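All you need for this note's numbering is the position in the sequence shown, starting with 1, plus 6. Glycine included, every Cβ here is placed at the ideal spot set by N, Cα and C. Since the structure is predicted, the reported quantities are computational estimates derived from the model, not experimental observations.
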Amino acid sequence: MTTRPCQLCDHSPENERKNDAHHGTAVDAEPAARAPPMASIAPIAPTACAVRLLSTPPATLPRMNDLLVDRQDDGVVLITLNRPDVRNAMTDGMTDAWQHTMTALARDRDVRCVVVTGAGTAFCAGGDLSWLGERGVEPVDRLRDRMLAFYRSWLSITDLEVPTIAAVNGAAVGAGLCVALACDLVYAADDAKLLAPFTALGLHPGMAATYLLPRRAGTGLAREMLLTGRILLGAEAADKGLVNRSFPKNDLMSEVLAIARTVAGNAPIATKLTKVALNEDHPHLEAALRWESLAQPVTMTSADMIEGLAAHRESRVPKFTGS
């Protein structure tokens, strides 16, 4: 498959081997250093995926730590995409672990906010496209089924009832950018590169790019990014409304985790219902009033409302229980 130089890579001869790993085309590349283990991190073992994008060769079998999951005491869960050797591309192993993790988090009543970031210098380089050059031509209907399963696995983060936050620490490319935009809140490092170069690779956009990009920042910017391959840095993306805010790279995680703790400290029932309302995209004012006239009374009957009012009256931090 013919390729052209990537705008994210240094194409000097000494760096070509690393660039191949970024693009997922050098399966024999020496692995780069992995993210250091953390005592509080409990890696989730990947399960067998019902539908794979390809038959996994031995060199790409799922790894136990493709995804790191740090469950914190305040209800915040930090998920780290942990394949810095391929710029956190969405390998089969990582996809399996992601799907398993989303299923587990959806059932966990102690979770109040989920943060997603990437290990190393990238957030996510997008889908692992190496298989396209290695496999023969497959029927469109079979490819459609595989891609749909792939999209749905990663976008299952939108099924979580609790707020989700993307901390874009570095390059977010194609499908990787889309997963970030699928989160409720998106924060980026000032110098992080955000791009969706599907058509430059001969591909139609995927991972709901034609929905998520215009929904976030309007049709004009979406057209420019998808049709011209325009690259936005984090600071510019914040100015354009593609992400909520940007921070200096070294401050990103501390800032995002502070925001996550604030979200996690709010009343769980009220927060979940507010997320539902925002995702409904009410078509008109009356629709919003009808929803709120039902949802607000639900919170008025909760113990959390009594606690919130008491804490406000007593000038203390409320202790919400989700009841």
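Residue j beta carbon less than 7 Å from that of residue i
i    : j    : result
L183 : L200 : yes
I275 : T305 : yes
S252 : A266 : no
K246 : A270 : no
V122 : V83  : no
A273 : G235 : no
P211 : L233 : no
A202 : A215 : yes
N250 : L191 : yes
V185 : G132 : no
A301 : S329 : no
T107 : V75  : yes
Bridge partners - residue i, DSSP secondary structure assignment
i    : result
L128 : Correcting the residue type first, residue 128 is Ala in the shown sequence and not Leu. Looking at the DSSP assignment, A128 forms a beta bridge with A177.
G133 : M96
Y193 : A173 and R251
C119 : V82
R77  : V83
K199 : L239
Nearest candidate by alpha-carbon position, reference residue i, set the options
i    : options                   : result
A71  : W160, I85, A155 and L207  : It should be noted that the sequence gives Asn, not Ala, for residue 71. Nearest of W160, I85, A155 and L207 to N71, Cα basis: I85.
N88  : N256, Y193, T97 and D80   : T97
C119 : T225, V262, L161 and A243 : V262
P254 : C130, E313 and D197       : D197
A243 : M108, L284 and Y193       : Y193
T268 : A316, A178, V323 and G99  : V323
L238 : V174, D151 and A273       : V174
L73  : R115, C130 and R113       : C130
A181 : D165, D134 and V143       : D134
N256 : R221, Q302 and A195       : A195
V99  : D80, S159 and A110        : According to the sequence shown, residue 99 is Gly rather than Val. Answer by Cα proximity: S159.
At least 3 beta-carbon pairs within less than 8 Å: the stretch 92-101 vs the stretch 119-127: yes
Three or more C-beta pairs below 8 Å linking the stretch 165-179 and the stretch 143-155: no
Segments assigned alpha helix (DSSP H), at least 4 residues, entirely inside the stretch 254-309: 258-270, 274-286 and 291-306
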